[in-house]
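Just so we're aligned, residue 6 is where the sequence shown starts under the working numbering, counting upward by one.
Backbone N, C-alpha and C define an ideal beta-carbon position, used for all residues, glycine too.
One structure below.
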Amino acid sequence: MSAINEPLPAYDSKTLAMVGAVLPSYTDVKSLGDDHQTIVKGVEEYEQKNPGELSKAILAELQALKAKGKGDPVEALKNLPAHIGSINKGFETVSHILDRLDRKNYRKKKDDGSPGGDLIPKFKGDWDAIHKEFRDQMSQSQTVATDAHHSAKEFRVIYTPIFNNEKIPLEDKKKELNVFMERLKKNQDSAMGLINAFSDLPRRIRAIGDRIAHILKEVLGFLDEKIEKLTRELRELEETLAECKLAVNIAAGVAGGGFVLATIGAFMTCSVVAAPFAVFPVVAGIVAAALGGLAGISANIAQEVTESKIRAKKKEIEDANKEKDEFVTLSGEVETAMNNCGELISRILAIASIWSVIRTRCQTIRAAMQTAQESGSRYIFEPSMDDAMGSYKELEDLLLYYAMNVAGTDPN
Numbered sequence: 006m007s008a009i010n011e012p013l014p015a016y017d018s019k020t021l022a023m024v025g026a027v028l029p030s031y032t033d034v035k036s037l038g039d040d041h042q043t044i045v046k047g048v049e050e051y052e053q054k055n056p057g058e059l060s061k062a063i064l065a066e067l068q069a070l071k072a073k074g075k076g077d078p079v080e081a082l083k084n085l086p087a088h089i090g091s092i093n094k095g096f097e098t099v100s101h102i103l104d105r106l107d108r109k110n111y112r113k114k115k116d117d118g119s120p121g122g123d124l125i126p127k128f129k130g131d132w133d134a135i136h137k138e139f140r141d142q143m144s145q146s147q148t149v150a151t152d153a154h155h156s157a158k159e160f161r162v163i164y165t166p167i168f169n170n171e172k173i174p175l176e177d178k179k180k181e182l183n184v185f186m187e188r189l190k191k192n193q194d195s196a197m198g199l200i201n202a203f204s205d206l207p208r209r210i211r212a213i214g215d216r217i218a219h220i221l222k223e224v225l226g227f228l229d230e231k232i233e234k235l236t237r238e239l240r241e242l243e244e245t246l247a248e249c250k251l252a253v254n255i256a257a258g259v260a261g262g263g264f265v266l267a268t269i270g271a272f273m274t275c276s277v278v279a280a281p282f283a284v285f286p287v288v289a290g291i292v293a294a295a296l297g298g299l300a301g302i303s304a305n306i307a308q309e310v311t312e313s314k315i316r317a318k319k320k321e322i323e324d325a326n327k328e329k330d331e332f333v334t335l336s337g338e339v340e341t342a343m344n345n346c347g348e349l350i351s352r353i354l355a356i357a358s359i360w361s362v363i364r365t366r367c368q369t370i371r372a373a374m375q376t377a378q379e380s381g382s383r384y385i386f387e388p389s390m391d392d393a394m395g396s397y398k399e400l401e402d403l404l405l406y407y408a409m410n411v412a413g414t415d416p417n
């Protein structure tokens, strides 16, 4: 049996000094290892005794936070494992889609406006880091809830008998409150740290969503410019092809005219009278035909090269349009996933709201203890401590419920 379950002595005014010496053994976290294991492993037993019912006061506080747009902490608390599972699934769904985006190696326009494009940043790593932070915070919150539950249980087991013992003087009862007030302050600070941590996750989710939306627009703009550039180049090639065809026709005409001229010169050579004057048409015709033939060959080659370039350019445009179509489809999925993060954010804020209630409870209990400690009469002390003990028992139940349900979501 752990020390916390041992019966407490009935202290009188003479033996009360022992309490201060006894408390450290109860408050030593290491001595509570068995209880910690019981909390982690006792989910089924606890659920049988407590079928998901928490105090109406705590549920009312959570309901008030829901009305302020802090998610739905009531539903979150009633089925915490499913709530946490939904958050993890939401993170994993977006991670899968961002992984597909990262693998495409899309480019955006260079920042300096120079030709070409820069690879867009990878997003999956940053997104997974946010998910890891959520898991770490859930683990941390379980630890905080477990430790705070230990403190609440110790208060009930150790201090309540002291409070109810009429043999113990009022001033001595006040002194014993210090240990628990210090712990409540620590629990309050830890709860505030968790509230800040959970509340920061939605900010980071929105920030990466804004970055992704901006990059997607830049990629689409880059692809549009790429297609426009390829289309301009195609038009230029088609103009070049038209010029090549014209050159081929001209060259064919020149070559044909030279052949006719050479034929006429040759016929004139056969005539004795015209012979002296026939040499020029023959030579000129041969030269013109030769030059025209060479020009025709060159023009034909240029035409074939240009036609080949046009075919290649059309293939580039086809590929670019296909790339754009695929990007539009994928970017639509990414945008839908990021837009659906509103539910993810709401669920995370619901957990932050639970810790807001825990922190408020710690403040309220500590304030009641402070009033009791500073009182000069049992008529103020006792009602204040009644308030503190009632709230502390409700908080103890909430902390146990939270710690056990979070433990139930841990795959380890």
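For residue i, the first and last residue of its enclosing alpha helix (DSSP H)
i, result
"Gly122", "Not the alpha helix (DSSP H): Gly122 falls in the beta strand (DSSP E), residues 122-124."
"Asn410", "383-412"
"Val463", "Since the first and last residues shown for the chain are 6 and 417, residue 463 lies out of range."
Where residue i sits in the DSSP three-state scheme
i, result
"Lys109", "coil"
"Lys127", "coil"
"Lys115", "coil"
"Pro174", "coil"
"Tyr51", "Low local confidence applies: a pLDDT of 46 at Tyr51 is under 50, so the model's placement there is unreliable, and no value is given."
"Asn2", "This structure cannot settle anything about residue 2, because the visible part of the chain is limited to 6 through 417."
"Asn345", "coil"
"Glu233", "helix"
"Glu248", "helix"
"Ser60", "coil"
"Glu181", "coil"
"Arg192", "Per the sequence shown, residue 192 should be read as Asn rather than Arg. Helix."
"Asn84", "coil"
"Ser380", "coil"
"Asp205", "helix"
"Asp77", "coil"
Min CB distance residue i to chain C below 8 Å
i, result
"Lys329", "Protein chain content of the structure displayed is limited to a single chain, and chain C is not contained in it."
Residue i CB to nearest heavy atom of the ligand MN below 7 Å
i, result
"Ala247", "Inclusion of the ligand MN in the displayed structure is not the case, the ligand content being empty and no account of it being possible."
Selected residue, minimal CA-CA separation from residue i, among the options
i, options, result
"Leu67", "Arg237, Lys137, Arg366, Leu221", "Arg366"
"Gly337", "Glu379, Phe96, Glu323, Leu106", "Leu106"
"Phe203", "Tyr407, Gln375, Ser361", "Ser361"
"Asp131", "Arg211, Asp402, Glu401, Leu239", "Arg211"
"Glu323", "Ala408, Phe386, Asp229, Arg371", "Asp229"
"Phe128", "Ala408, Lys191, Ala218, Leu404", "Ala218"
"Phe227", "Ile356, Val411, Lys114, Arg371", "Lys114"
"Arg371", "Arg240, Leu182, Leu239", "Leu182"
"Ile213", "Asn93, Glu238, Ala134", "Ala134"
"Val149", "Pro388, His88, Ile200", "Ile200"
"Ala317", "Gln378, Phe386, Glu238", "Glu238"
"Asp402", "Ile363, Gly381, Met374", "Ile363"
"Gln142", "Gly121, Gln368, Asn93", "Asn93"
"Ala373", "Glu138, Lys190, Phe332, Ile173", "Lys190"
"Leu124", "Glu138, His136, Arg108, Tyr164", "Arg108"
"Leu206", "Lys172, Tyr406, Gly347", "Gly347"
"Cys342", "Gly95, Gly90, Leu235", "Reading the sequence as shown, one finds Ala at residue 342 and not Cys. Of Gly95, Gly90, Leu235, the residue nearest in Cα terms is Gly95."
"Gln193", "Ser382, Thr414, Thr369", "Thr369"
"Tyr407", "Ile173, Phe139, Ser144, Lys231", "Ser144"
"Leu335", "Leu64, Tyr111, Lys137", "Tyr111"
"Gly413", "Leu70, Lys71, Gly90, Ala62", "Gly90"
"Ile255", "Asn305, Ile356, Thr236", "Asn305"
>> Pairs of beta-carbons, one from the segment 384-397 and one from the segment 154-174, closer than 8 Å: are there three or more?
In response: yes
> Quick one: any contact between the segment 318-335 and the segment 170-185, if contact means 3 or more CB pairs under 8 Å?
Replying inline: no
> Using 8 Å as the Cβ pair cut-off and three pairs as the minimum, do the segment 229-248 and the segment 307-314 touch?
Replying inline: yes
>> Assess contact between the segment 350-359 and the segment 76-89, defined as three or more Cβ pairs (one per stretch) separated by less than 8 Å. Is contact present?
In response: yes
> Can at least three beta-carbon pairs, one atom from the segment 182-198 and one from the segment 145-161, be found at a separation below 8 Å?
Replying inline: yes
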